[in-house]
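Asks: Shown below is the structure under consideration.
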Amino acid sequence: PVLGGSTEYPYPRRGRTGRPPAETDPKTESRLPLLMSLNIYVPRDERFGHLKMSDFLAYALKSIVQFLLPEFEALCDSTPNEFDTFQDVLKLYEGGIKLPEGPLLDAIKENIPLEMLKELIRTDGEGYFKFPMPQVIKEDKSAWRTDEEFAREILAGVNPVIIRRLQEFPPTSKLDPKVYGNQTSSITKEHIGNNMEGSSIHEAIKNNRLFILDHHDALMPYLRRINTTSTKTYATRTLVEGSIWQLAKAYVAVNDSGYHQLVSHWLNTHAAIEPFVIATNRQLSVLHPIYKL
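Under full-length UniProt numbering, residues 1 to 293 are what the sequence shown spells out, in order.
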């Protein structure tokens with residue numbers, strides 16, 4: 001639904017963007033082409049600084065380059081919207097034109113007026129029009145497969161605040177069983193026994209040493225609708241072995257990213273906090289102590 005402009009969905013109206021209405025819904029603004037979208041009015045104190053904007057544009061250009069070549073290859077690909085192999089992922093980082101380092105190139109860079117062009121010819125390990133190789137796979141391209149690295153990425157990722165202390169085992173659901181059926185977790189103590197370091201599950205819970213990342217109740221009501229599209233989501237609670245476990249961890253990472261974008265980011269930040277930010281900018285003096293917060 002369109003937020004704002006009605007008593008049903010009250011919400012502070014945003015600044016006028018000048019975008020024409022969408023053809024399918026006159027109450028919704030149409031999307032602008034990428035370059036035109038950079039020209040939308042934003043208050044001066046909320047605009048990107050020139051260094052951040054240059055960095056943003058340079059990586060946007062690299063993204064476009066990474067998009068065009070696969071699009072040509074997709075003409076002969078039976079699964080054009082998928083990574084068919086891990087090598088497809090590595091191609092985002094490997095190759096390109098390795099730029100040399102030295103005083104001559106440094107001198108040339110110093111005389112380039114545009115920060116975006118400087119960003120495009122960085123020599124700190126990046127190839128021309130290629131993304132920098134992630135640190136975790138620089139030395140070992142299989143390092144991401146370990147449980148330790150998976151846990152580190154979840155803790156150091158975009159959404160660690162969703163991790164909570166496990167208070168009962170097995171995890172239980174708050175969804176209505178009359179609607180969703182029995183949602184009691186099938187995880188048993190045998191599944192996690194090898195990682196308990198000699199402690200029992202009861203002792204670990206009592207000593208606050210068991211934690212869970214659980215998107216089950218947030219995703220289950222939408223699972224069937226999501227899986228009827230080309231996008232799939234599974235494995236909110238899965239503990240199995242071998243390659244299936246690797247696949248389960250991949251789905252957990254996807255679910256975590258989706259939950260972060262929709263709930264932690266859009267809902268809790270934009271939909272809940274943004275009205276107060278807008279009201280502050282519009283109503284409070286810049287000299288007000290709360291404005292400074």
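Ideal Cβ placement from N, Cα and C applies to all residues, glycine included. If you're wondering where the values come from, they're calculated on a predicted model, not measured in any experiment.
Say whether the stretch 165-185 touches the stretch 141-151, bearing in mind that this needs 3 or more beta-carbon pairs closer than 8 Å, one atom from each stretch.
Replies: Verdict: no, contact absent.
Asks: Does the Cβ of D88 have 16 or more other Cβ atoms within 10 Å, making it buried, or fewer, making it exposed?
Replies: Your numbering for residue 88 matches position 88 in the sequence shown. Classification of D88: exposed, given that the 10 Å Cβ count is below 16.
Asks: Excluding five sequence neighbours on each side, which residues of the same chain lie with their C-beta closer than 8 Å to the C-beta of T280?
Replies: The residue labelled residue 280 in the question sits at position 280 within the sequence shown. I290 and Y291, listed in sequence order.
Asks: Measure the alpha-carbon distance for V158 versus Q246 and round it to whole angstroms.
Replies: If you number the sequence shown from 1, residue 158 lands on position 158. If you number the sequence shown from 1, residue 246 lands on position 246. Taking the straight line joining both Cα atoms gives about 20 Å.
Asks: Do you know offhand how far N208's Cα is from P170's?
Replies: As a working note, residue 208 is residue 208 in the sequence shown. As a working note, residue 170 is residue 170 in the sequence shown. Rounded to whole angstroms, N208 to P170 spans 15 Å at the Cα level.
Asks: Contact between the stretch 254-270 and the stretch 208-219: three or more CB pairs below 8 Å?
Replies: A contact exists between the stretch 254-270 and the stretch 208-219.
Asks: Could you give the C-beta distance for P275 and Y9, rounded to a whole number, given that I count them as a contact under 8 Å?
Replies: Position 275 of the sequence shown, counted from the start, is the residue given in the question as residue 275. Position 9 of the sequence shown, counted from the start, is the residue given in the question as residue 9. Their Cβ separation, rounded to whole angstroms, is 12 Å, which puts P275 and Y9 out of contact at 8 Å.
Asks: Between the alpha carbons of K174 and E203, how many angstroms are there, rounded?
Replies: Counting from 1 along the sequence shown, the entry for residue 174 is found at position 174. Counting from 1 along the sequence shown, the entry for residue 203 is found at position 203. The straight-line gap from Cα to Cα measures roughly 24 Å.
Asks: Please report the straight-line C-alpha distance between D140 and P20, rounded to a whole angstrom.
Replies: Translated into the one-based positions of the sequence shown, residue 140 becomes position 140. Translated into the one-based positions of the sequence shown, residue 20 becomes position 20. Distance between the alpha carbons of D140 and P20: 50 Å.
Asks: Can you list, in chain order, the stretches of the alpha helix (DSSP H) that have 4 or more residues and sit fully within the stretch 193-276?
Replies: Complete alpha helix (DSSP H) runs here, min 4: 201-206, 216-219, 223-227 and 242-259.
Asks: Please go through the same chain and pick out, in chain order, the residues whose beta-carbon is closer than 6 Å to the beta-carbon of T28, but skip the five residues on each side of it.
Replies: Numbered from its first residue, the sequence shown carries residue 28 at position 28. The answer, listed in chain order, is A22.
Asks: With a threshold of 8 Å on Cβ separation, who are the neighbours of P160 within its own chain once the five nearest residues in sequence on each side are excluded?
Replies: Position 160 of the sequence shown, counted from the first residue, corresponds to residue 160. Once the five neighbours on either side are set aside, the close Cβ partners of P160 are I154.
Asks: Would you decide whether F211 is buried or exposed? Buried here means 16 or more other CB atoms lie within 10 Å of its CB.
Replies: Position 211 of the sequence shown, counting from 1, holds the residue named residue 211. Counting Cβ neighbours within 10 Å, F211 comes out exposed, since fewer than 16 surround it.
Asks: Closer than 7 Å by C-beta to V263: which residues in its own chain qualify, once you throw out the five before and the five after it? Chain order, please.
Replies: Locating residue 263 in the sequence shown gives position 263, counting from the first residue. Excluding residues within five positions, the ones whose Cβ falls inside 7 Å are A218.
Asks: Determine the direct distance from the alpha carbon of D176 to that of T184, and round the result to whole angstroms.
Replies: As a first step, residue 184 is located in the sequence shown; it is residue number 184 there, counting from the start. As a first step, residue 176 is located in the sequence shown; it is residue number 176 there, counting from the start. Distance between the alpha carbons of T184 and D176: 11 Å.
Asks: Out of N182, M220 and I278, point me to the one whose CA is closest to E46's CA.
Replies: Reading the sequence shown from its first residue, position 46 is the one you call residue 46. Nearest option by C-alpha distance: I278.
Asks: Can you pull the DSSP bridge partners for R165?
Replies: Sequence index remark: in the sequence shown, residue 165 carries index 165 (1-based). DSSP, once it has assigned bridges, lists F211 as partnering R165.
Asks: Tell me the rounded alpha-carbon separation between I273 and R31.
Replies: Within the sequence shown, the letter at position 273 stands for residue 273. Within the sequence shown, the letter at position 31 stands for residue 31. Whole-angstrom Cα-Cα distance: 24 Å.
Asks: Which value, in whole angstroms, describes the spacing of the CA atoms of Q135 and N194?
Replies: In the sequence shown, residue 135 corresponds to position 135, counting from 1. In the sequence shown, residue 194 corresponds to position 194, counting from 1. Going by the C-alpha atoms only, they are around 29 Å apart.
Asks: What do you reckon, are the CB atoms on Y180 and M133 nearer than 8 Å?
Replies: Working through the sequence shown from its first residue, we reach residue 180 at position 180. Working through the sequence shown from its first residue, we reach residue 133 at position 133. No, the Cβ-Cβ distance between Y180 and M133 is not below 8 Å.
Asks: Considering only the alpha carbon of each residue, which of I137, Y259, T24 and H265 lies closest to Y222?
Replies: Here residue 222 corresponds to residue number 222 of the sequence shown, with the count starting at 1. The residue with the shortest Cα to Cα distance from Y222 is Y259.
Asks: By how many angstroms is the C-alpha of G5 removed from the C-alpha of T24?
Replies: The residue you call residue 24 lines up with position 24 of the sequence shown. The residue you call residue 5 lines up with position 5 of the sequence shown. About 19 Å.
Asks: Expressed to the nearest angstrom, what Euclidean distance is found between the alpha-carbon atoms of H265 and S230?
Replies: Position 265 of the sequence shown, counting from 1, holds the residue named residue 265. Position 230 of the sequence shown, counting from 1, holds the residue named residue 230. In a straight line, the C-alpha of H265 is about 23 Å away from that of S230.
Asks: Can you pull the DSSP bridge partners for P177?
Replies: The residue labelled residue 177 in the question sits at position 177 within the sequence shown. None, per the DSSP bridge assignment.
Asks: DSSP has P134 in a bridge; who is on the other side?
Replies: Within the sequence shown, residue 134 is the residue found at index 134, counting from 1. DSSP lists no partner for P134.
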